[in-house]
Amino acid sequence: MAVSRRGFLKAACATGVVGVGATAARPAEAAQVKRPWMGMLTDLSLCVGCRKCEYACNKANALSDDALETYDDKSVFEQTRRTDADRFTVVNRFDREGQPPVFVKRQCMHCIEPACASACLVAAFKKSDEGPVIYDESLCIGCRYCMVACPFGMPAFEYSKPFTPRVTKCSMCIERLRDGEQPACACVCPEEAITFGPREELLTLAHDKIREHPDRYVDHVYGETEAGGTNWMYISPVPFGDLGFPTDIGTKPYPELTKGFLSSVPLVLTLWPMLLMGAYAFNNARGPELAGAPVNTHEEGGQ
Amino acid sequence: MDHTVHEMMMITKAHEYLIAIAFLIAFSAFWSFLFRTSRKKHHE
Amino acid sequence: MSTTLHPDASWSAWTRDKLLLGLPLREYLRTLKTPFNAVAALILCVGLPITWIRFTQGIAATTNLNNDYPWGLWIGFDVLCGVALAAGGFCMASAVHLFKLKQYYTLMRPAILTGFLGYFFVVVGLCFDLGRPWRLPYPMFVSYGVTSVMFLVGWHVALYLTVQFLEFCPAIFEWLGWKRVRHWVLKLTIGATVFGVILSTLHQSALGALFLLAPTKVHPLWYSSFIPVLFFTSAIAAGLSMVIVESMLSHRVFHRQVQHEDPQQVDQVMVGLSRSAAVVLFTYFCLKWIALAHEDRWAWLFTSYGAWYLVEVIGFVLGPCIAYFVAAKVNSARIARVAAVWTVLGIVLNRLNVSIFTFNWQMPYRYVPSWMEFAVTITIVTAGLLTFRFMVNRMPVLYVHPEYPVEE
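Protein chains in written order, with my numbering: chain U, 44 to 346; chain F, 2 to 45; chain X, 18 to 425.
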């Protein structure tokens, strides 16, 4: 018995090591893929918290019929809100001592290497050619692994729908983009805090702004490298960690995290039959009295 | 290298899994043929 | 209990013989009046209406799940623990068929049945949790997310369920008296066993690998790139322990079916199993520390989460490991049984730590399952036990069928 166990474990450990090694072999800092992707840049120093973007988003996605005036209600800032099945974007207020508060609009970051797409077992999530990460509800089985995987905690789920629950998130108004329009929130923003454009140009713009006004911004473009880079980026007057942004997600693309394990799968599928059938043949030969038919020790026991 | 890691994996994993499954089927056929002959010889 | 099915036997005779344990219907129903059945009926009376609510009103109406905590008790316990505890099937099948350890033969069938039913009810639990359970076959037939660990879990659990059914088929065919089909199925044994071990290796570890995508949500002490190996190794320990627990319960509940067994011999087998379980747990214990070293997480040991981690690793891995060691050394099946229950609790604790207790550790609030989530979980476990009992009472699981002696 002990022998058999040890064999198992040794093999299992070997797989683990191979898996881990495979991850390490490719540098995590592999150059970001550059494509003519569209993106968004939110300048948090300009946002005044009018929530018109929430209004425009809810209208564009048919989430709510509430009149624009209802968004003047500032009491929603008492709590920090998150995206939900019926709101794909939220603006939160972060108070500062002696200075005006910072308002933060949050929504799907549209990762270059989306964790949700990496997690989805039916490939319902896809990085579109335009740049947004889009979701196909006709494939979704509702396992919610995408929500477990998303480092930004942005996808939501329609828990109260018994028959057609969907995962919901910002699509960067992909339909509008395809019609040559800008995303609804970028159009409506009265302070021009949300800029829509090619990702590479937005990145240059963000760095220019930081260089020209070092007093107004912290020297960091959030989304430039986070989780391998995102198409929605931010610049801010205060450190992102103080504004509820996760700062511990690193720069490694999320698909890299499971890549090593997935490499071990074909290895197990090909090595295990040899090891296990080998063990079977060996034990069969060793104890012929246990086997039904007489066994040719010489041929089947050969190691 | 114009693929993202994810796009690349969508291709490579599909290939790897298909080959591995084909191998599994081939292995079982291979093994049974290999040992069937030897056993027949033994009985004769 | 009559065992042959005459071709001219009437349907009612067949029913009485195969389903009613050879009793007339009224007498059979009388035997069902037991305290256990009363409790089970009570549980089902609560669970079935909740099932109705879940599938007509939605997940929100029955659970405390939300967008921050997309997975709760149904995934953490029903799926993660269910699969780990059902690992006994592949452990015993490989011990008997591949490693020719014939002393475990009597334990193999109940282990395979537990494995099969365990997985079956894991899928049942999963159907409660999935938003659109009727799309369960999508990853097999409609759209292939090959980069997903969940894709592997789906495929492997489906295939393994089939393999375990095949492995259990001889017992079903012996019950029905289908000799030729039984003979045909037996030929698949070795292939099915090897395929079962492959699938188990992959999906037991894949269940851990699911969490590789949540490095900021699983607590640093539990998050490790070794988590697939940790899940696989601990599943072996859980599987072996469940075999012991099961044999213990079977000897209490089904003592009539096992009366032919020599209790001393049974104890001897238990002690043998303790030896293997001790080695596996010891290995798992070492792996736990290697994982910590690999991620350099030592400093976290001195936090309150660290204390909880030590409770798990010392109290519920090393503890039962030592108990198994002692059981093997002093030849005590009683200590082995204590160690087995202890290990099972420890593995359950580990799975819950990863998926629920320490998940989202940076969140200011915690998810607590609703009473209905608990009720559904208890209902599923009860349904599993009832099915197990139904099959064990009718099919040659705990004993060798007199007409089909062991051929190996």
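Beta carbons: idealized from backbone N, C-alpha and C, even for Gly.
(message) Is there a Cβ of chain U sitting closer than 9 Å to that of X/V166, yes or no?
(response) Taking the third sequence and counting its residues from 1, one reaches residue 166 of chain X at position 149. X/V166 counts as touching chain U.
(request) Verify whether the separation of the beta carbon atoms of U/P233 and U/C93 is less than 9 Å. (result) By 1-based counting over the first sequence, the position of residue 233 of chain U is 190. By 1-based counting over the first sequence, the position of residue 93 of chain U is 50. Cβ distance < 9 Å, so U/P233 and U/C93 count as in contact.
(message) Please state whether the Cβ-Cβ distance between X/V180 and X/F190 is less than 9 Å.
(response) By 1-based counting over the third sequence, the position of residue 180 of chain X is 163. By 1-based counting over the third sequence, the position of residue 190 of chain X is 173. The answer is no: Cβ separation not under 9 Å.
(message) Please list the terminal residues of the continuous alpha helix (DSSP H) segment that includes U/R149.
(response) Here residue 149 of chain U is taken as the residue at index 106 of the first sequence, counted from 1. No alpha helix (DSSP H) contains U/R149, which is instead part of the beta strand (DSSP E) from Q142 to R149.
(message) Within 10 Å of its beta-carbon, does U/S279 have 16 or more other beta-carbons around it, so buried, or fewer, so exposed?
(response) Residue numbering aside, residue 279 of chain U sits at position 236 when the first sequence is read from its first letter. Classification of U/S279: buried, given that the 10 Å Cβ count is 16 or more.
(request) Drop a sphere of 10 angstroms on the beta-carbon of U/G62, count the other beta-carbons inside from all chains shown, and report buried for 16 or more, exposed for fewer. (result) Here residue 62 of chain U corresponds to residue number 19 of the first sequence, with the count starting at 1. Residue placement at U/G62 is flagged as unreliable, the pLDDT there being 42, under the threshold of 50; the coordinate-derived value follows with that caveat. By the neighbour-count rule (16 or more Cβ atoms within 10 Å), U/G62 is buried.
(request) Label U/G141 either buried or exposed according to how many other C-beta atoms from any shown protein chain fall within 10 Å of its C-beta, with 16 as the threshold for buried. (result) Translated into positions along the first sequence, residue 141 of chain U becomes position 98. The residue is exposed, with fewer than 16 neighbouring Cβ atoms inside 10 Å.
(message) Contact between the segment 91-100 of chain X and the segment 362-380 of chain X is defined here as three or more beta-carbon pairs at a separation below 8 Å; is this criterion met?
(response) yes
(request) Might you give, ordered along the chain, the residues of its own chain that have their beta carbon closer than 8 Å to the beta carbon of U/C106, omitting 5 neighbours on each side? (result) Taking the first residue of the first sequence as position 1, residue 106 of chain U is located at position 63. According to the sequence displayed, residue 106 of chain U carries Leu and not Cys. Excluding positions up to five away in sequence, the list reads C100, D129, R130 and F131.
(request) Spell out whether any CB of chain U is found under 9 Å from the CB atom of X/G323. (result) As a position in the third sequence, residue 323 of chain X is number 306, starting the count at 1. Chain U contact via Cβ: absent.
(request) Identify whether X/C303 lies in helix, strand or coil by the three-state DSSP scheme. (result) Walking along the third sequence from the start, residue 303 of chain X turns up at place 286. In this structure, X/C303 counts as helix in the three-state DSSP scheme.
(request) Would you grab the beta carbon distance between U/R125 and X/N54 for me? Rounded to a whole angstrom, and I think it's under 8 Å. (result) Taking the first sequence and counting its residues from 1, one reaches residue 125 of chain U at position 82. Taking the third sequence and counting its residues from 1, one reaches residue 54 of chain X at position 37. About 47 Å separates the two Cβ atoms, so there is no contact after all.
(message) Could you tell me the alpha carbon to alpha carbon distance between X/A392 and X/I60, rounded to whole angstroms?
(response) Counting from one through the third sequence, the residue named residue 392 of chain X turns up at place 375. Counting from one through the third sequence, the residue named residue 60 of chain X turns up at place 43. Rounded to the nearest angstrom, the two C-alpha atoms are 8 Å apart.
(request) Quick one: list the residues of chain U neighbouring X/P232, beta-carbon separation under 7 Å, in chain order. (result) In the third sequence, the residue the question calls residue 232 of chain X occupies position 215. What X/P232 touches in chain U: L300.
(message) Just verifying my parser: in three-state terms, what is the DSSP assignment at X/L415?
(response) As a working note, residue 415 of chain X is residue 398 in the third sequence. In the structure shown, X/L415 sits in coil (DSSP, three-state: anything other than H, G, I, E or B).
(request) Would you decide whether X/M380 is buried or exposed? Buried here means 16 or more other CB atoms lie within 10 Å of its CB. (result) Looking up residue 380 of chain X in the third sequence gives position 363. Answer is exposed; the Cβ neighbour count stays below 16.
(request) Note the first and the last residue of the continuous beta strand (DSSP E) segment covering U/V176. (result) As a position in the first sequence, residue 176 of chain U is number 133, starting the count at 1. Unbroken beta strand (DSSP E) run through U/V176: V176 to Y178.
(message) So for X/M408, helix, strand or coil by DSSP?
(response) Here residue 408 of chain X corresponds to residue number 391 of the third sequence, with the count starting at 1. Correct three-state label for X/M408: helix.
(message) Please give me, in chain order, every unbroken run of the alpha helix (DSSP H) with length at least 4 that falls completely inside the segment 290-360 of chain X.
(response) 321-327 and 336-347
(request) Spell out whether any CB of chain U is found under 9 Å from the CB atom of F/F36. (result) What you label residue 36 of chain F is simply residue 35 of the second sequence in a count that begins at 1. Answer yes: the Cβ-Cβ gap between F/F36 and chain U drops below 9 Å somewhere.
(request) Mind listing, in chain order, the continuous alpha helix (DSSP H) runs of no fewer than 4 residues lying wholly within the segment 202-244 of chain X? (result) 206-226
(message) List, in chain order, every chain X residue whose beta-carbon is nearer than 7 Å to that of F/H7.
(response) On the second sequence, residue 7 of chain F is found 6 positions in, with the first residue counted as 1. Under the 7 Å cutoff, chain X gives T164.
(request) Could you spell out the range, first to last residue, of the beta strand (DSSP E) harbouring U/W275? (result) Numbered from its first residue, the first sequence carries residue 275 of chain U at position 232. Its beta strand (DSSP E) spans residues W275 to I278.
(message) Short of 8 Å Cβ to Cβ, which residues in the segment 72-90 of chain U face chain X?
(response) none
(request) From the DSSP output, in three-state form, read off U/P70 for me. (result) Locating residue 70 of chain U in the first sequence gives position 27, counting from the first residue. Only weak support is given to the placement of U/P70: the predicted model assigns it a pLDDT of 43, under 50, and the value that follows is read from those uncertain coordinates. Coil.
(request) Determine the contact status of X/I397 and X/F138, defining contact as a CB-CB distance below 9 Å. (result) The count along the third sequence starts at 1 and reaches residue 397 of chain X at position 380. The count along the third sequence starts at 1 and reaches residue 138 of chain X at position 121. Against a cut-off of 9 Å, the Cβ pair of X/F138 and X/I397 comes out as a contact.
(request) Tell me U/K170's beta-bridge partners as DSSP assigns them. (result) Residue mapping note: residue 170 of chain U aligns to position 127 of the first sequence, counting from 1. Answer is U/V176.
(request) Taking a Cβ distance cut-off of 8 Å, strictly less, list which residues of the segment 11-24 of chain F are near chain B, in chain order. (result) Looking for chain B here will not work: the only protein chains present are U, F and X.
(message) What would DSSP say about U/P205, mapped onto helix, strand or coil?
(response) Within the first sequence, numbered from 1, the residue matching residue 205 of chain U stands at position 162. Coil.
(request) Kindly indicate if chain U contains any beta-carbon less than 9 Å away from that of X/P413. (result) Position 396 of the third sequence holds residue 413 of chain X. By this cut-off, X/P413 is not an interface position.
(message) Tell me the rounded alpha-carbon separation between X/V343 and X/L257.
(response) To locate residue 343 of chain X, count along the third sequence from 1; it is residue 326. To locate residue 257 of chain X, count along the third sequence from 1; it is residue 240. X/V343 and X/L257: Cα-Cα distance of roughly 17 Å.
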